[in-house]
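J.: Take a look at the following structure, please.
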Amino acid sequence: MIDLEFPPLPTPAPAVFAALGEAPLRELVRIHHDRLRASGVGHLFPAESKHFAAVVDRIADYFVATAAGPSAFTRAHGPTWLRSQHFPITIDETARNIWLAELLIAFDEAAFPEAARLAFWNWVEALSIFLINRRTMITQPRRYPLAE
560 MIDLEFPPLP TPAPAVFAAL GEAPLRELVR IHHDRLRASG VGHLFPAESK
610 HFAAVVDRIA DYFVATAAGP SAFTRAHGPT WLRSQHFPIT IDETARNIWL
660 AELLIAFDEA AFPEAARLAF WNWVEALSIF LINRRTMITQ PRRYPLAE
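For what it's worth, this note's numbering labels the leading residue of the sequence shown as 560, then goes sequentially.
So, in structure tokens, the structure goes:
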């Protein structure tokens, strides 16, 4: 089995965060993770609501900080090592596909602005490959342009 080839990782332009603000990103993360919790990868998340909410807040902090918003994530948790931090849970190609599919639905449920979707998607779609920590396929993970 060959190792993953990681794509270039674009970050969302600061203009995207400036146009959106923090609240829409946090709402997107909340809706996305509520959907994930009810999906085939729900077992990867804490069952207790209080712990689940803390995980979602931490993820939202990461997305906000990475999108050029306030850096609460780095202040609270230090620099991130995404792949190694996710190693205790199994993230394979199927989990990645579920994560991406639920994000597409969350875009609509959160009324995430169309103007920001492409830049955000281009970032997280590439980022999702970095999170795969258990391979189940020989081929490289499929890329999913937003237009598809």
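We treat Cβ as the ideally placed atom computed from N, Cα and C, and that holds for glycine. All figures in this text were calculated on a predicted structure; none of them were measured in a lab.
My assumption, with CB atoms under 8 Å, is that Leu705 sits in contact with Leu677. Please give the rounded CB distance.
T.: Within the sequence shown, residue 705 is the residue found at index 146, counting from 1. Within the sequence shown, residue 677 is the residue found at index 118, counting from 1. Their Cβ separation, rounded to whole angstroms, is 6 Å, which keeps Leu705 and Leu677 in contact under 8 Å.
J.: Which residue from Ile618, Asn692 and Trp682 puts its Cα closest to that of Tyr703?
T.: Taking the first residue of the sequence shown as 1, we reach residue 703 at position 144. Comparing Cα positions, the closest option is Trp682.
J.: Less than 8 Å separating the beta-carbons of Leu563 and Ile688?
T.: For this step, residue 563 is matched to residue 4 along the sequence shown. For this step, residue 688 is matched to residue 129 along the sequence shown. Contact: yes.
J.: Under the three-state reduction of DSSP, which class applies to Arg701: helix, strand or coil?
T.: What you label residue 701 is simply residue 142 of the sequence shown in a count that begins at 1. Coil at Arg701, not helix or strand.
J.: Consult DSSP for Leu603 and reduce its assignment to one of helix, strand or coil.
T.: Stepping through the sequence shown from its first residue, residue 603 is reached at position 44. Leu603 falls in the helix class under three-state DSSP.
J.: Compute the Euclidean distance between the alpha carbons of Glu668 and Arg589, then round it to the nearest angstrom.
T.: For the purposes of this step, residue 668 is taken as residue 109 along the sequence shown, with counting starting at 1. For the purposes of this step, residue 589 is taken as residue 30 along the sequence shown, with counting starting at 1. The alpha-carbon atoms of Glu668 and Arg589 are separated by roughly 11 Å.
J.: Does DSSP classify Arg655 as helix, strand or coil?
T.: In the sequence shown, counting from the first residue as 1, residue 655 sits at position 96. Looking at Arg655 - three-state DSSP - the assignment turns out to be helix.
J.: Output needed for Pro700: all residues of its chain with C-beta closer than 6 Å, excluding positions within five of it in sequence on either side, in chain order.
T.: Along the sequence shown, read from residue 1 onward, the residue named residue 700 stands at position 141. Same-chain partners within the cutoff: Glu652 and Ile688.
J.: What residue range does the alpha helix (DSSP H) around Phe611 cover?
T.: Position 52 of the sequence shown, counting from 1, holds the residue named residue 611. Taken as a continuous stretch (DSSP letters only), the alpha helix (DSSP H) holding Phe611 covers Ser608 to Thr625.
J.: Going by DSSP, what residue range makes up the alpha helix (DSSP H) through Phe565?
T.: Sequence index remark: in the sequence shown, residue 565 carries index 6 (1-based). Unbroken run through Phe565: none, as it is neither H nor E.
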